[in-house]
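Visitor: Could you have a look at this structure, given as structure tokens, before my questions?
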Amino acid sequence: MKRSALTEKIAVIGVDGFEPRLAKKFLDQGKMPNLQKFIDKGSCREDLVLLGAMPTVTPTLWTTLSTGAYPGTHGITCFFGHNHGQLDSVVYNLDSRRSKAEPLWNVLAEEANKKTLVWHWPGSAWPPTSDSPNLHVVEGTQPQTINTGIAGVDISKVVVASNKFEEAQFLPNTSTITPGAGCIIENVEELLEDDGEASYLRAAISSGAKVIKNIITCEEENEIHVLAKMIADTVKSPIKDAVGWANAPAGAKEFILTLGKGLERRPALLLRNEQGVYDTVEVYKSKKDLEPLVTIEGGKSVYDVVDTIKNDEGENILCNRNYHLLTIKPDGSEVTMLIGMAMDVSRDDLFHPKSLYKEVIDHIGYVPNRPVINGANEILVDKVFIPTWDHYCEWQAECLTYFMKNNKYDVIYSHLHNVDNGGHLFWHFAKHQEKWNNNEVAYQGFIERMYIQTDNYLGRFLPYVDEGWTIIVTSDHGLSCQENLGVELGEAGGITTPVMEELGYVKLLTDENGNKTHDFDWANTKAVASRGNHIYLNLIGRDEHGIVDPKDQYDLEMQIISDLYSYRDPKNGKRVVSLAMRNKDAVIIGLSGPECGDIIYFTEESYNVIHADSLSTQDGYADTSLSPIFVAAGPGIKQGYKTERVIRQVDIAPTMAFLSGVRLPAQNEGSPVHQILTEEI
Numbered sequence: 008m009k010r011s012a013l014t015e016k017i018a019v020i021g022v023d024g025f026e027p028r029l030a031k032k033f034l035d036q037g038k039m040p041n042l043q044k045f046i047d048k049g050s051c052r053e054d055l056v057l058l059g060a061m062p063t064v065t066p067t068l069w070t071t072l073s074t075g076a077y078p079g080t081h082g083i084t085c086f087f088g089h090n091h092g093q094l095d096s097v098v099y100n101l102d103s104r105r106s107k108a109e110p111l112w113n114v115l116a117e118e119a120n121k122k123t124l125v126w127h128w129p130g131s132a133w134p135p136t137s138d139s140p141n142l143h144v145v146e147g148t149q150p151q152t153i154n155t156g157i158a159g160v161d162i163s164k165v166v167v168a169s170n171k172f173e174e175a176q177f178l179p180n181t182s183t184i185t186p187g188a189g190c191i192i193e194n195v196e197e198l199l200e201d202d203g204e205a206s207y208l209r210a211a212i213s214s215g216a217k218v219i220k221n222i223i224t225c226e227e228e229n230e231i232h233v234l235a236k237m238i239a240d241t242v243k244s245p246i247k248d249a250v251g252w253a254n255a256p257a258g259a260k261e262f263i264l265t266l267g268k269g270l271e272r273r274p275a276l277l278l279r280n281e282q283g284v285y286d287t288v289e290v291y292k293s294k295k296d297l298e299p300l301v302t303i304e305g306g307k308s309v310y311d312v313v314d315t316i317k318n319d320e321g322e323n324i325l326c327n328r329n330y331h332l333l334t335i336k337p338d339g340s341e342v343t344m345l346i347g348m349a350m351d352v353s354r355d356d357l358f359h360p361k362s363l364y365k366e367v368i369d370h371i372g373y374v375p376n377r378p379v380i381n382g383a384n385e386i387l388v389d390k391v392f393i394p395t396w397d398h399y400c401e402w403q404a405e406c407l408t409y410f411m412k413n414n415k416y417d418v419i420y421s422h423l424h425n426v427d428n429g430g431h432l433f434w435h436f437a438k439h440q441e442k443w444n445n446n447e448v449a450y451q452g453f454i455e456r457m458y459i460q461t462d463n464y465l466g467r468f469l470p471y472v473d474e475g476w477t478i479i480v481t482s483d484h485g486l487s488c489q490e491n492l493g494v495e496l497g498e499a500g501g502i503t504t505p506v507m508e509e510l511g512y513v514k515l516l517t518d519e520n521g522n523k524t525h526d527f528d529w530a531n532t533k534a535v536a537s538r539g540n541h542i543y544l545n546l547i548g549r550d551e552h553g554i555v556d557p558k559d560q561y562d563l564e565m566q567i568i569s570d571l572y573s574y575r576d577p578k579n580g581k582r583v584v585s586l587a588m589r590n591k592d593a594v595i596i597g598l599s600g601p602e603c604g605d606i607i608y609f610t611e612e613s614y615n616v617i618h619a620d621s622l623s624t625q626d627g628y629a630d631t632s633l634s635p636i637f638v639a640a641g642p643g644i645k646q647g648y649k650t651e652r653v654i655r656q657v658d659i660a661p662t663m664a665f666l667s668g669v670r671l672p673a674q675n676e677g678s679p680v681h682q683i684l685t686e687e688i
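For what it's worth, this note's numbering labels the leading residue of the sequence shown as 8, then goes sequentially.
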């Protein structure tokens, strides 16, 4: 159908994890004035809800937003995909080659001659799936911050300098900042490879999908517990009187920062003010230098400090990293610092075309670092995590508004990960739990700050509504604060065994001491719970170690579904599973087909672990919810309008197609939200 465009320019301002229930709460309190202005200028539902597809997980739903197809159709059915025939492993899903649906941006670039930018869209965006010169793509291989998956050269450093230390120590991969006790360094015996989330995110970049085996056998191995550990190198350094400096003021003290693999040193001066109070640290490349690499005041941070760090091959790599001066005693006897990851500033691998990277760094600056912290530590959330995301939000807003102001693009798809990153690190602390002894009031305050931060980010785009841009504010899913802990059923990044083992469908092998291993006893395993919402039978002829006869499939599926509904939380007797159905029946929720389990299930409200394993309509503690958000404003959108229509996630792509005057994507299953448009369909 030929149609005229209702707008010449569209920008999707996507914020991962941004949800309407909290947004409404803070809107009513007057704390999100920019979102309120978007609402006043445009259209939405009264409750701001977008009915999300399922499962409620990042790559799945950003793919739905761009294609208008349900997950069962586009095939990205969780953070990881099913490794066909192998029930003990999963395949990384942030790879556009795994999607079976056409994104709208290809139609806009190829057929409408629209200059289109896809900016860090973590759902079937990278590698680019069109060779049109109109299509520019940045990242999309992981959701955190741009280049997180490829540019790391040096991990974070936790620094404690003290006049009580007699000698310097560098302890690689041995530090975690613990909750409830300020900035305390502890050695840990059982080490993780990184800060936890890296095990999910360091996967296929542009070379193809990566198969990952992650068997979760107990609560301590699930996402919440893994992400609570922030692994960094420990640097312990004596504080002494400054000696041998080219330009050290009177009364200055010194200590040494050890970077890289422990072989690179940066001397630091500890300086006092006019009142004789030590309140500033200067870090130098060498004592001979007259100018420092960075000057930091106590309790503050400095971002994007450029320095060289040796990589694993011993080459000097130009990097940027953040410096956080957490505490400094007035008498100069002790300093605590967190130095963020060092990121290679030359990495243009995930910018298409590569010239786009040069344009960004020339006009805006290097890609900022993401915050790597322990979410269980209030000091780090307060002083490091939220301010670092403030900085990143400002940088990204500068980039996107630069493109908008200079008419570089007609269409922009953008994604920001600040809210979701906070959700995975500390949303669950917004409810007090005895095992954590956490301060729920403090963490609810941190959530509020993240929403205010997001509102400030949205405000950067508000002026462009009056300059001819149609702007859609949306998200993939919300984030819930979990109330009931300890039931291990469903995990977006692996295969969970405890409940399925308790029900008699899984058996694990044991070692010589009788301890359970992370390997299945396939001869006695009938079905496994893989990823967030999928259960696979161990079928003969389909799976490598199959023991279930296909003729018994129906009866076994019905038995498992019955057992799921009957299963109760041992601690309180509550039902854990809200919905379970066979693959063929799950077509009614868009989750059937070869990339979905034999059984699809969802956990009950209050059992959802942040997001990904429950229905998109569910709520959580502290006014949280799983629903995504939707507000649209600008040309082609009614002003100050509220619709009663249920707006579905699959409706966003066809609505954008109608606004742009182009055909619908080939696999689209939604329909334009005609009620909010200025022109009748």
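The C-beta atom is built at its ideal place from N, Cα and C for all residues, glycine as well.
What residue ranges within the region 360 to 426 form continuous alpha helix (DSSP H) runs of no fewer than 4 residues, ordered along the chain?
Guide: 362 to 370, 393 to 412, all fully within the region 360 to 426.
Visitor: May I ask you to list the residues that DSSP assigns as paired with C326?
Guide: To locate residue 326, count along the sequence shown from 1; it is residue 319. According to DSSP, C326 bridges with D314, D351.
Visitor: For L496 and Y285, I'd like the C-alpha separation in whole angstroms.
Guide: Translated into positions along the sequence shown, residue 496 becomes position 489. Translated into positions along the sequence shown, residue 285 becomes position 278. The alpha-carbon atoms of L496 and Y285 are separated by roughly 52 Å.
Visitor: Here's the rule I'm using: 16 or more other beta-carbon atoms within 10 Å means buried, otherwise exposed. How should F25 be labelled?
Guide: For the purposes of this step, residue 25 is taken as residue 18 along the sequence shown, with counting starting at 1. Under this definition F25 is a buried residue.
Visitor: Mind checking G604: buried by the 16 CB within 10 Å criterion, or exposed?
Guide: Position 597 of the sequence shown holds residue 604. By the 10 Å Cβ count, G604 comes out buried.
Visitor: What first and last residue would you give for the beta strand (DSSP E) that runs through E447?
Guide: Position 440 of the sequence shown holds residue 447. Unbroken run through E447 is the alpha helix (DSSP H), 447 to 466; no beta strand (DSSP E).
Visitor: Give the C-beta separation of N113 and S137 to the nearest angstrom, bearing in mind that I take them to be a contact with Cβ-Cβ under 8 Å.
Guide: Mapped onto the sequence shown, residue 113 falls at position 106. Mapped onto the sequence shown, residue 137 falls at position 130. Between S137 and N113 the Cβ distance is about 4 Å, and since that is below 8 Å, they are a contact.
Visitor: In its own chain, which residues sit with a C-beta less than 7 Å from the C-beta of A704, not counting the 5 before and 5 after it?
Guide: A query on residue 704 cannot be resolved here, the shown segment of the chain reaching from 8 to 688 and no further.
Visitor: Taking only three categories from DSSP, how would you classify N428?
Guide: For this step, residue 428 is matched to residue 421 along the sequence shown. Reduced to three states, the DSSP call for N428 is helix.
Visitor: Roughly how many angstroms separate the alpha carbons of T650 and I688, rounded to a whole number?
Guide: Here residue 650 is taken as the residue at index 643 of the sequence shown, counted from 1. Here residue 688 is taken as the residue at index 681 of the sequence shown, counted from 1. Taking the straight line from one Cα to the other gives about 16 Å.
Visitor: Measure the C-alpha to C-alpha separation of R655 and T71 and round it to an integer number of angstroms.
Guide: Here residue 655 refers to the residue found at position 648 of the sequence shown. Here residue 71 refers to the residue found at position 64 of the sequence shown. Cα-Cα distance, rounded: 10 Å.
Visitor: Specify, as a first and last residue, the run of the beta strand (DSSP E) that V125 falls within.
Guide: Indexing the sequence shown from 1 puts residue 125 at position 118. Taken as a continuous stretch (DSSP letters only), the beta strand (DSSP E) holding V125 covers 123 to 126.
Visitor: Leaving out five residues on either side along the sequence, give the residues of the same chain with a beta carbon under 7 Å from the beta carbon of S599.
Guide: Residue mapping note: residue 599 aligns to position 592 of the sequence shown, counting from 1. These residues qualify, in order along the chain: G79, N590, K591, A593.
Visitor: Looking only at DSSP bridge pairs, what is M344 linked to?
Guide: As a position in the sequence shown, residue 344 is number 337, starting the count at 1. Answer by DSSP bridge pairing, in chain order: V166, L332.
Visitor: If S73 and W133 are in contact, beta carbons under 8 Å, what's the gap, nearest whole angstrom?
Guide: Here residue 73 corresponds to residue number 66 of the sequence shown, with the count starting at 1. Here residue 133 corresponds to residue number 126 of the sequence shown, with the count starting at 1. Not confirmed; about 12 Å, so no contact.
Visitor: Please classify T265 as buried or exposed, where buried requires at least 16 other C-beta atoms within 10 Å of its C-beta.
Guide: To locate residue 265, count along the sequence shown from 1; it is residue 258. Label assigned to T265: buried.
Visitor: Quick check on DSSP: helix, strand or coil for K31?
Guide: For the purposes of this step, residue 31 is taken as the residue at position 24 of the sequence shown. Reduced to three states, the DSSP call for K31 is helix.
Visitor: Counting only the same chain and skipping the five closest in sequence on each side, list residues whose C-beta sits under 7 Å from that of P135.
Guide: Numbered from its first residue, the sequence shown carries residue 135 at position 128. Excluding residues within five positions, the ones whose Cβ falls inside 7 Å are L142, V144, H359.
Visitor: Closest by CA to Q403, which one among M344, D389, Y416, L465?
Guide: For the purposes of this step, residue 403 is identified with residue 396 of the sequence shown, where counting begins at 1. Of M344, D389, Y416, L465, the residue nearest in Cα terms is L465.
Visitor: Closest by CA to P27, which one among M663, P557, E53?
Guide: For the purposes of this step, residue 27 is taken as the residue at position 20 of the sequence shown. Cα-wise, what sits closest to P27 is E53.
Visitor: Rounded to the nearest angstrom, how far is the Cβ of V690 from that of A119, given a contact under 8 Å?
Guide: The chain is shown from 8 up to 688; residue 690 falls before or after that span and cannot be answered.
Visitor: Note down, in chain order, each residue of its chain lying with its Cβ closer than 6 Å to the Cβ of G485, except the 5 sequence neighbours on either side.
Guide: Counted from its first residue, the sequence shown places residue 485 at position 478. E26, S632, L633, S634, listed in sequence order.
Visitor: Going by the beta-carbon positions, is the gap between Y608 and L571 smaller than 8 Å?
Guide: Here residue 608 refers to the residue found at position 601 of the sequence shown. Here residue 571 refers to the residue found at position 564 of the sequence shown. Yes. Within cutoff.
Visitor: If we define contact as Cβ-Cβ less than 8 Å, is D389 a contact residue for chain B?
Guide: In the structure shown, chain B cannot be found, because there is only a single protein chain.
Visitor: Using only alpha-carbon positions, find the residue among L544, C51, G677, L492 that is nearest to E721.
Guide: There is no way to answer for residue 721, as the model of the chain reaches only from 8 to 688.
Visitor: Can you look up T65 in the DSSP assignment and give me helix, strand or coil?
Guide: For this step, residue 65 is matched to residue 58 along the sequence shown. Residue state, collapsed to three classes: helix.
Visitor: Do three or more CB pairs link the region 467 to 482 to the region 38 to 49 at distances below 8 Å?
Guide: With a cut-off of 8 Å, the region 38 to 49 and the region 467 to 482 count as touching, because enough Cβ pairs lie within range.
Visitor: Kindly provide the ranges of any beta strand (DSSP E) runs that are 3 or more residues long and lie completely inside the region 45 to 99, ordered along the chain.
Guide: Entirely contained in the region 45 to 99, the beta strand (DSSP E) runs reaching 3 residues are, in chain order, 49 to 52, 87 to 89, 97 to 99.
Visitor: Quick check on this structure: which residue in A76, E498, S139, C326 has the alpha carbon closest to the alpha carbon of N221?
Guide: Within the sequence shown, residue 221 is the residue found at index 214, counting from 1. With distances taken between Cα atoms, N221 lies closest to E498.
Visitor: Give every residue of the same chain whose Cβ lies closer than 7 Å to the Cβ of G189, excluding the five residues on either side of it in the sequence, and list them in chain order.
Guide: Position 182 of the sequence shown, counted from the start, is the residue given in the question as residue 189. In this prediction, G189 scores a pLDDT of 30, lower than 50, which makes its location untrustworthy; the coordinate-derived value is nonetheless stated afterwards. For G189, where only same-chain residues beyond five positions count, the Cβ hits under 7 Å are I386.
Visitor: Which same chain residues, not among the five before or five after T302, have their C-beta less than 7 Å away from its C-beta?
Guide: By one-based count along the sequence shown, residue 302 stands at place 295. Answer for T302: T287, E289, listed in chain order.
Visitor: What is the DSSP secondary structure of H435, counted as helix, strand or coil?
Guide: Indexing the sequence shown from 1 puts residue 435 at position 428. Here H435 sits in helix by DSSP.
Visitor: From the DSSP output, which residues share a beta bridge with L264?
Guide: As a position in the sequence shown, residue 264 is number 257, starting the count at 1. According to DSSP, L264 bridges with R273.
Visitor: Could you name the residues that DSSP lists as bridge partners for V145?
Guide: Along the sequence shown, one-based indexing puts residue 145 at 138. DSSP lists W126, F358 as partners of V145.
Visitor: Measuring alpha carbon to alpha carbon, tell me which residue in L666, L357, G347, Q440 is nearest P375.
Guide: Position 368 of the sequence shown, counted from the start, is the residue given in the question as residue 375. Among L666, L357, G347, Q440, the Cα nearest to that of P375 belongs to G347.
Visitor: What are the start and end residues of the beta strand (DSSP E) that includes P245?
Guide: For the purposes of this step, residue 245 is identified with residue 238 of the sequence shown, where counting begins at 1. 239 to 245 is the extent of the beta strand (DSSP E) around P245.
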